[in-house]
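Protein chains in written order, with this note's numbering: chain R, 1 to 173; chain Z, 1 to 101. All residues carry an ideal CB built from backbone N, CA and C; glycine is no exception. Have a look at the structure below before the remarks.
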Amino acid sequence: MTAVFGLLAGAILFTGFRVVTSRNVMHSALYLVGALGGTAALFVMLSAEFVAWVLVLVYIGAVIVLFLFGVMITRAPMGREASLDNEKRGFAAATAGLLFLMLAGSSIYGFKDVELQGLGETVSTADLGISLLGRFVLPFEIVSFLLLAALVGGIVLARKDLTPGQEEEAGAV
Amino acid sequence: MSIVPILVLSSALFSLGVYGLLARRNAVMVLLAIELMLNGVNINLIAFEAAWGTVGAIGQVFTIFMITVAAAEVGIGLAIVILVFRNRATANLDDFTLMKG
C-alpha cells in the first residue's frame with residue numbers, strides 16, 4: 001500500500017508542478033488531467049470508488065473540455081510563451097513555500113497518531129447514496145439548483161448580445 | 001499506514017495551486033491553479049474519511065458537494081473570462097486595470 005501511494009504521490013506532484021510551471025497553456029491543461037487521474041486512483045486506494053469515478057467523469061470529462069474551449073476562445077498563446085508568468089514569481093514561490101511548511105507542519109504535528117483503516121472497512125457506495133439522499137437531501141437539492149443557476153448565468157454572460165433588429169431575425173428563423 | 005503522508009501530499013498540491021494563482025498571468029491559467037487547490041482539499045476530506053470512517057460517509061458527501069461547486073465555479077469563471085476577452089481583447093490579468101486609482 002505504501003509503495004502504491006509513493007508512486008501515486010510522485011505522479012500527482014510531478015503533474016501538479018508541471019500544471020503551474022509549463023510554458024504552454026495546452027500542456028498545462030493536459031497535465032491537470034494527469035494530476036486528477038492520479039487523485040482518482042488515490043481515492044480508489046482510500047476505498048472511495050464512487051467519488052473517484054465522479055472525479056473522472058466530471059473533471060476529466062467535462063471541466064477539462066471546458067478549459068480547452070476557454071483556452072481556444074480566448075486565443076491564449078498556444079505555443080511556447082515566455083510571458084505566461086508575471087514578474088512576481090519569487091514572491092509567489094516564497095508564499096507557497098511558507099504555506100506548505102505551515103500546512104505540512106501542522107498536519108504532521110496534529111495527526112501523527114492517526115492510522116488509515118484497511119481497505120473494505122470503510123463506507124460503501126450504498127451508504128453514500130443513502131446519506132446523500134437521506135440526511136443530506138436538502139443540501140443536495142440546493143447544490144443542484146446552484147449548478148443550474150451558475151450554468152444558466154454562464155450562458156447569459158457569455159452569449160453575444162443581440163441588437164433589436166437581430167433579435168427579430170433570430171425570432172423569425 | 002499513517003495518514004500523515006497523504007496530508008503532506010494534499011498540502012503540497014494546495015501550495016502548488018497557490019503558487020500558480022499568484023505567478024500566472026493568463027486568466028485561464030489562474031482558474032487551472034484554483035482547480036489544483038480544490039483537488040488538494042478533496043484529498044484531505046477523503047483521507048480523513050478513510051481514517052475515521054464516519055457514519056453515513058460524510059467526507060465523501062462533502063467531496064461530491066465540492067466537485068459540484070467547483071464545476072459551477074469553472075462555468076461562471078470561464079464565462080467571465082470570455083466576456084472580458086470580448087471587451088478588452090486580452091486574457092492577461094495585468095491588463096485589467098480599469099478600477100485602478
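DSSP places Asp85 (chain R) in the strand class (E or B) of the three-state scheme. If you draw a straight line from the Cα of Thr90 (chain Z) to the Cα of Val33 (chain R), it comes to about 26 Å.
Beta bridge pairing from DSSP links Glu115 (chain R) with Z:Ser2. For secondary structure counted as the alpha helix (DSSP H) over 4 or more consecutive residues, the region 57 to 94 of chain Z holds these complete runs in sequence order: 58 to 88.
For the pair Thr74 (chain R) and Ile82 (chain Z), the CB atoms are nearer than the 8 Å cut-off. Taking the C-beta atoms as reference points, Leu13 (chain Z) is found no nearer than 8 Å to Ile108 (chain R). Closest in alpha carbon position to Val71 (chain R), among Z:Ser2, Z:Gly56, Z:Met29, is Z:Met29. For Ile60 (chain R), none of the residues of chain Z pass the 8 Å Cβ criterion, the least Cβ distance being about 11 Å.
Exclusion of the five residues before and after Tyr19 (chain Z) leaves Ala33 as the residues of its chain whose Cβ lies within less than 8 Å of its Cβ. The C-beta distance from Ser131 (chain R) to Ile58 (chain Z) rounds to 7 Å, short enough to meet the 8 Å contact threshold. Ala51 (chain Z) sits away from Leu55 (chain R), with the two beta carbons spaced by 8 Å or more. Between Ile64 (chain R) and Ala29 (chain R), the gap from beta carbon to beta carbon is short of 8 Å.
Around the beta carbon of Ser22 (chain R), a 10 Å sphere encloses 16 or more other beta carbons of the protein chains shown; the residue is thus reported as buried.
Considered as a whole, the region 3 to 86 of chain R harbours no complete run of any beta strand (DSSP E) with no fewer than 3 residues. At the C-beta level, Asn92 (chain Z) and Asn26 (chain Z) come within 8 Å of one another. By the beta-carbon neighbour count (other beta carbons within 10 angstroms, threshold 16), Leu98 (chain R) is exposed. The C-beta distance from Val74 (chain Z) to Leu133 (chain R) rounds to 25 Å, too long to fall under 8 Å, and the pair is not in contact.
Neighbours of Ile46 (chain Z) in chain R, taken as residues at a C-beta separation under 7 Å, are given in chain order as Phe43, Leu46, Ala48, Val51. The C-alpha of Ala41 (chain R) lies about 44 Å from the C-alpha of Leu98 (chain Z).
For Asn24 (chain R), no chain Z residue has a Cβ inside 7 Å of its Cβ, as the nearest lies near 11 Å away. Put simply, the backbone Cα of Ile6 (chain Z) is about 32 Å away from that of Ala150 (chain R).
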